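This report refers to the structure that appears directly beneath it.
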Amino acid sequence: FYTCVISLYALVLLGIHISTCIKSDWTG
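Each residue of the sequence shown is one higher than the last, beginning at 1 in this note's numbering.
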């Protein structure tokens, strides 16, 4: 159960990181 939660949490963090990187690329 914990491994599933950790993987989901990692996916969410990765998605946020990618979205912020894309936004910074667009604005910059």
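Built from N, CA and C at the ideal position, the CB exists for glycine as well.
Model, not experiment: these values are computed from the prediction.
Any non-hydrogen atom of the ligand GDP closer than 7 Å to residue i Cβ
| i | result |
| --- | --- |
| Leu8 | Here there are no bound small molecules, and the ligand GDP is not part of this structure. |
Through-space distance from residue j to residue i, alpha-carbon basis
| i | j | result |
| --- | --- | --- |
| Ile53 | Leu11 | Only positions 1 to 28 of the chain appear in this structure, which leaves residue 53 out of reach. |
| Ile6 | Gly15 | 14 Å |
| Thr3 | Lys23 | 30 Å |
| Cys21 | Tyr9 | 18 Å |
| Thr27 | Leu13 | 21 Å |
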